[in-house]
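Residue numbers (our numbering): 20 to 172. As structure tokens, the structure follows; a few thoughts come after it.
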């Protein structure tokens, strides 16, 4: 809250930092399962909504049956960014099953995208927008195929 009692809103730079933070947090799970049996295949800034990402999961290179899941996750709660740690920990709960999610009615590369914003619901954290520097690295990434990384800046 500001001194006048108004909520603090985030700038485009703040949202870019939020996307970068989520992509960085999830990048570790490209080699380690995030929630068995799923590995992260990508974290893509949503082209229609700058305050969201699409998280792509797959069952990994050793699975007999290759399955993909795509989740649309809003990065704002109220008017504040969702911490990257909340997105990562929310995605880890997927090992309990995906039956709790309804379809978002969106598509990514022709595939259905599940509404994953419920994973990150909670109290808004304070906005850490005082850092005016640009984040280092991409705001997202996606492995087209194993070893073929596409980065989103």
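A virtual CB, placed ideally from N, CA and C, is assigned to each residue, including glycine.
Specify the secondary structure class of residue i as computed by DSSP and reduced to three states.
i           : result
residue 30  : coil
residue 113 : helix
residue 158 : coil
residue 53  : coil
residue 130 : strand
residue 169 : strand
Counting only the same chain and skipping the five closest in sequence on each side, list residues whose C-beta sits under 7 Å from that of residue i.
i           : result
residue 166 : none
residue 64  : 38, 72, 158, 159, 171
residue 109 : 138, 139
residue 42  : 62, 157, 158, 159, 160
residue 106 : 41, 44, 92, 139
residue 168 : 160, 162
residue 85  : 77, 78
residue 70  : 34, 93, 94, 95
Near residue i, which residues of its chain fall below 8 Å by C-beta distance, leaving aside the five closest residues on each side in sequence?
i           : result
residue 112 : 54, 138
residue 51  : 58
residue 68  : 93
Measure the beta-carbon distance from residue i to residue j and round it to whole angstroms, keeping in mind my assumption that it falls under 8 Å.
i          : j          : result
residue 75 : residue 89 : 5 Å
residue 34 : residue 94 : 7 Å
residue 49 : residue 57 : With 8 Å as the limit, residue 49 and residue 57 do not qualify as a contact, their Cβ atoms being about 11 Å apart.
Excluding sequence positions up to five away, which residues of its chain have a Cβ less than 6 Å from the Cβ of residue i?
i           : result
residue 136 : 92, 93
| task | Any chance you could list the beta strand (DSSP E) runs of at least 3 consecutive residues sitting entirely within the region 62 to 102, in chain order? | result | The region 62 to 102 contains these whole beta strand (DSSP E) runs: 71 to 77, 87 to 93.
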